[in-house]
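There are 2 protein chains.
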Amino acid sequence: MPSLDLSAGAVQLTRAICDIPSVSGDETTLADAIEEAVSAFAHLEVIRHGNTIVARTDLGRAQRVAIAGHIDTVPINDNVPTKDVEIDGAPYLWGRGTVDMKGGTAVQLTLAAELTEPSIDITWMWYDNEEVEASKNGLAILAAARPDLFQADFAILGEPSNGEVEGGCNGTMRALVRTTGVRAHAARAWIGENAIHAAAPILTRLAEYRAKEVPVDGLLYRESMSAVRIAGGVAGNVIPDACEVEVNYRFAPSKTAADAEEHIRNLFDGFDVEITDSAEGARPGLDAPIARDFVLAVGAEPRPKYGWTDVARFSALGIPAVNYGPGDPHLAHHDEERVPLAQIEDVERGLRTWLTR
Amino acid sequence: MPSLDLSAGAVQLTRAICDIPSVSGDETTLADAIEEAVSAFAHLEVIRHGNTIVARTDLGRAQRVAIAGHIDTVPINDNVPTKDVEIDGAPYLWGRGTVDMKGGTAVQLTLAAELTEPSIDITWMWYDNEEVEASKNGLAILAAARPDLFQADFAILGEPSNGEVEGGCNGTMRALVRTTGVRAHAARAWIGENAIHAAAPILTRLAEYRAKEVPVDGLLYRESMSAVRIAGGVAGNVIPDACEVEVNYRFAPSKTAADAEEHIRNLFDGFDVEITDSAEGARPGLDAPIARDFVLAVGAEPRPKYGWTDVARFSALGIPAVNYGPGDPHLAHHDEERVPLAQIEDVERGLRTWLTR
Chain D
1 MPSLDLSAGA VQLTRAICDI PSVSGDETTL ADAIEEAVSA FAHLEVIRHG NTIVARTDLG
61 RAQRVAIAGH IDTVPINDNV PTKDVEIDGA PYLWGRGTVD MKGGTAVQLT LAAELTEPSI
121 DITWMWYDNE EVEASKNGLA ILAAARPDLF QADFAILGEP SNGEVEGGCN GTMRALVRTT
181 GVRAHAARAW IGENAIHAAA PILTRLAEYR AKEVPVDGLL YRESMSAVRI AGGVAGNVIP
241 DACEVEVNYR FAPSKTAADA EEHIRNLFDG FDVEITDSAE GARPGLDAPI ARDFVLAVGA
301 EPRPKYGWTD VARFSALGIP AVNYGPGDPH LAHHDEERVP LAQIEDVERG LRTWLTR
Chain C
358 MPSLDLSAGA VQLTRAICDI PSVSGDETTL ADAIEEAVSA FAHLEVIRHG NTIVARTDLG
418 RAQRVAIAGH IDTVPINDNV PTKDVEIDGA PYLWGRGTVD MKGGTAVQLT LAAELTEPSI
478 DITWMWYDNE EVEASKNGLA ILAAARPDLF QADFAILGEP SNGEVEGGCN GTMRALVRTT
538 GVRAHAARAW IGENAIHAAA PILTRLAEYR AKEVPVDGLL YRESMSAVRI AGGVAGNVIP
598 DACEVEVNYR FAPSKTAADA EEHIRNLFDG FDVEITDSAE GARPGLDAPI ARDFVLAVGA
658 EPRPKYGWTD VARFSALGIP AVNYGPGDPH LAHHDEERVP LAQIEDVERG LRTWLTR
């Protein structure tokens, strides 16, 4: 088993944990290494649940923060092991996981070892299977099995946010919008009813849709309504009797899933609509005093997060939660995934400042 | 090898050849049986080319007719062997091939054996692989290898036409109409360009398209323009960068493929259009004296054929050609494929009348 030196600094540690492949479903080696490394520290109580590792301080502080990062990545595509590269004169670490999100996880591991006397109690959480279906998500599984570990006043997720504080997240809902028709031979098209032609108004409504920008707790959330898939057709000489458009609605965290469903059903009035997938967003929660204090300490400008992240799980438990991590989210899952070393160091410094003030 | 009794009558012979499975690519058993059966008749010169059998009279008549039928079927779906069924008091033969087109082929085999002294020379043709890609079509392969066998003044294809004379056929052209866009994460849809949304005008133009009815040589050909397939999408959280609509245009036989292409390109002006497949139609040719004589003799009402058939191959060689066979074309390829016995007998009588007058 590879062993991790948590005192090597967050940049070195990012390199080390990126070079231990941990594609979703295959995190055991890395989880073992993390468990062994954090177990060496007397100020941490270590709990393992599957491939999720929790490490807690218990100093009797007035408040507690949960700080979490996932340890899995999307599949490797010739981008492991990591490489040092230079872009416009600045040093970067290049490779799978550097952005999403082993840079953030390495900062957390570094500070978990270093901060024996933080000013606020900390529950560190490193979990598996974030990049796959929600039913496998290590954080969700832990929340169901050990709700006691989710007692916290604030939560920070180390997801890439370019070193800024990104508050909350939009919700997401997927729906299938369907048309039906009657099959016929294409040589006698008038005998049938073409379900693809019948889908014209669905695409027109999507093309003409003007998305809202919705202010929530002082941040402006931009929504969107997008076709992500369309399919129809039987054979090259058959009038098709079915067409299906998969739509993804990203909605502001001030809206419930019921609000979102109503909006979709209104937009596609007259068509068969089936909701297939839904996750409510998370309000940024930046009006909580502990959150304001955190933003001030790390010196970042709060921004809305558009993509859905696990902050919504904390939010659903009533815990204000933000994303704060190194790396550009646009480069997550990208084959040229890479993180500026300076962002890793900035986030390390920012978190340390807040946790020790 | 099963042997065929060509004197059993066209209904019995339909039953016999339907019960010898001959799905496209698997016609050897039936072709062998046909070759053996027709070789017994001294008035016929028999030529075999692959699984295509030609049987010719050579009586020095002033004119010659080619009469052709394919011997393959689409795949069997629990509908062989044939069954006798009664619908509204009328007797039917039910099963794969009864309509498309072993009823017509059986009439031809019966008359080939019976008519030792027809009033016009006859080139009978029974060919394979009509139901699959054009490159395998036995009639096309024979035309390329033995153009001498295609000397004729008129041609009759025994494709199902409800016992009516269906003249010529529409042309058919397939095209891919494409949109492109820019991929992005669906959470930040505004960074990308949605290629499915961009396809809205393609479907709108199809939905609003009003097809023409075009008179050709006295028959009215109804055209159509149909989407037969649509596809687009990358993943449930990605703005798609490509969408493709496959369109099938059925055009009147007075138009060339170039006319059809221009019409498609005009309709989808502004989009990327690729023509993938094309076959010109066939004019009905019913103004030729021999054709008028045939229509009069069989006592049928000429109608336009909408579906593309091999009559277009004769037409391309300058030979007027019609479809004339038992069975409802709407039931071709249908799992409940069935032919009224009366139609087999009507077509047998009609052809005999003309060939012996």
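Protein chains in written order, with our numbering: chain D, 1 to 357; chain C, 358 to 714. C-beta: ideal position from N, C-alpha, C; glycine also.
Report, in whole angstroms, the separation of the C-beta atoms of residue i and residue j, which I expect to be a contact under 8 Å.
| i | j | result |
| --- | --- | --- |
| residue 279 of chain D | residue 172 of chain D | 5 Å |
| residue 522 of chain C | residue 655 of chain C | 7 Å |
| residue 158 of chain D | residue 325 of chain D | 4 Å |
| residue 561 of chain C | residue 200 of chain D | 5 Å |
| residue 406 of chain C | residue 499 of chain C | 5 Å |
| residue 118 of chain D | residue 57 of chain D | 6 Å |
| residue 524 of chain C | residue 642 of chain C | 7 Å |
| residue 162 of chain D | residue 223 of chain D | That pair is no contact at about 22 Å. |
| residue 426 of chain C | residue 462 of chain C | 4 Å |
| residue 667 of chain C | residue 487 of chain C | 7 Å |
| residue 595 of chain C | residue 542 of chain C | 7 Å |
Interface residues of chain C around residue i at Cβ under 8 Å?
| i | result |
| --- | --- |
| residue 396 of chain D | In this structure chain D extends from 1 to 357, so residue 396 of chain D is not present and cannot be described. |
| residue 243 of chain D | 587 |
| residue 246 of chain D | 590, 593 |
| residue 3 of chain D | Under the 8 Å cutoff, chain C gives no residues; its nearest Cβ is about 36 Å from residue 3 of chain D. |
Applying a beta-carbon distance threshold of less than 7 Å, which residues of chain D neighbour residue i?
| i | result |
| --- | --- |
| residue 663 of chain C | 187, 188 |
| residue 560 of chain C | 196, 197, 199, 200, 203 |
| residue 635 of chain C | Here the premise fails: no neighbours, minimum Cβ distance about 12 Å. |
For residue i, which of the options has the nearest alpha-carbon?
| i | options | result |
| --- | --- | --- |
| residue 195 of chain D | D:150, D:245, D:219 | D:245 |
| residue 283 of chain D | D:277, D:252, D:259 | D:252 |
| residue 76 of chain D | D:63, D:95, D:64 | D:95 |
| residue 376 of chain C | C:358, C:572, C:392 | C:358 |
| residue 695 of chain C | C:448, C:575, C:397 | C:448 |
| residue 46 of chain D | D:192, D:109, D:118 | D:109 |
| residue 623 of chain C | C:454, C:647, C:559, C:659 | C:559 |
| residue 226 of chain D | C:364, C:593, C:389, C:384 | C:593 |
| residue 294 of chain D | D:208, D:343, D:129, D:120 | D:120 |
| residue 13 of chain D | D:51, D:189, D:113 | D:113 |
| residue 409 of chain C | C:419, C:567, C:387, C:435 | C:387 |
| residue 597 of chain C | D:241, D:242, D:39, D:230 | D:230 |
| residue 443 of chain C | C:702, C:709, C:698 | C:698 |
| residue 494 of chain C | C:568, C:536, C:382 | C:382 |
| residue 44 of chain D | D:212, D:88, D:71, D:111 | D:111 |
| residue 564 of chain C | C:575, C:590, C:625, C:574 | C:625 |
| residue 686 of chain C | C:677, C:664, C:703 | C:664 |
| residue 545 of chain C | D:131, D:213, D:4 | D:213 |
| residue 568 of chain C | C:595, C:576, C:607 | C:607 |
| residue 575 of chain C | C:555, C:542, C:658, C:595 | C:658 |
Could you work out which residues of chain D lie near residue i, taking near to mean beta carbons separated by less than 8 Å?
| i | result |
| --- | --- |
| residue 595 of chain C | 228 |
| residue 563 of chain C | 194, 196, 197, 200 |
| residue 607 of chain C | 186, 187, 189 |
Residues in the same chain with beta-carbon distance under 6 Å from residue i, minus the five sequence neighbours each way, listed in chain order, please.
| i | result |
| --- | --- |
| residue 348 of chain D | 10, 107 |
| residue 684 of chain C | 456, 460, 517, 696 |
| residue 288 of chain D | 320 |
| residue 193 of chain D | 181, 182 |
By Cβ distance below 7 Å, which residues in the same chain neighbour residue i in space, the five residues on each side in sequence not counted?
| i | result |
| --- | --- |
| residue 533 of chain C | 601, 603, 631, 633 |
| residue 248 of chain D | 172, 174, 226, 228 |
| residue 613 of chain C | 637 |
| residue 331 of chain D | 99, 337, 338 |
Which residues in chain C sit within 9 Å of residue i, going by Cβ to Cβ distance?
| i | result |
| --- | --- |
| residue 231 of chain D | 586, 587, 588, 589, 590 |
What in chain D is Cβ-close to residue i, meaning under 9 Å?
| i | result |
| --- | --- |
| residue 434 of chain C | The premise fails here: residue 434 of chain C is roughly 15 Å from chain D at the closest Cβ pair, so nothing lies under 9 Å. |
| residue 680 of chain C | Correct list: empty, because the minimum Cβ distance to chain D is about 12 Å. |
Cutting at 8 Å between CB atoms, please list the residues of its own chain near residue i, excluding the five before and the five after it.
| i | result |
| --- | --- |
| residue 572 of chain C | 578 |
| residue 675 of chain C | none |
| residue 80 of chain D | 18, 19, 21, 95, 96, 97 |
Suppose you measure from the CA of residue i to the CA of residue j; what does that come to, to the nearest Å?
| i | j | result |
| --- | --- | --- |
| residue 322 of chain D | residue 22 of chain D | 25 Å |
| residue 27 of chain D | residue 548 of chain C | 33 Å |
| residue 439 of chain C | residue 431 of chain C | 15 Å |
| residue 139 of chain D | residue 35 of chain D | 16 Å |
| residue 672 of chain C | residue 509 of chain C | 11 Å |
| residue 660 of chain C | residue 540 of chain C | 51 Å |
| residue 54 of chain D | residue 127 of chain D | 8 Å |
| residue 536 of chain C | residue 590 of chain C | 12 Å |
| residue 101 of chain D | residue 67 of chain D | 13 Å |
| residue 145 of chain D | residue 343 of chain D | 34 Å |
| residue 703 of chain C | residue 710 of chain C | 10 Å |
Does any heavy atom of the ligand SAH sit closer than 8 Å to the C-beta of residue i?
| i | result |
| --- | --- |
| residue 519 of chain C | You won't find the ligand SAH in this model; it holds no ligand whatsoever. |
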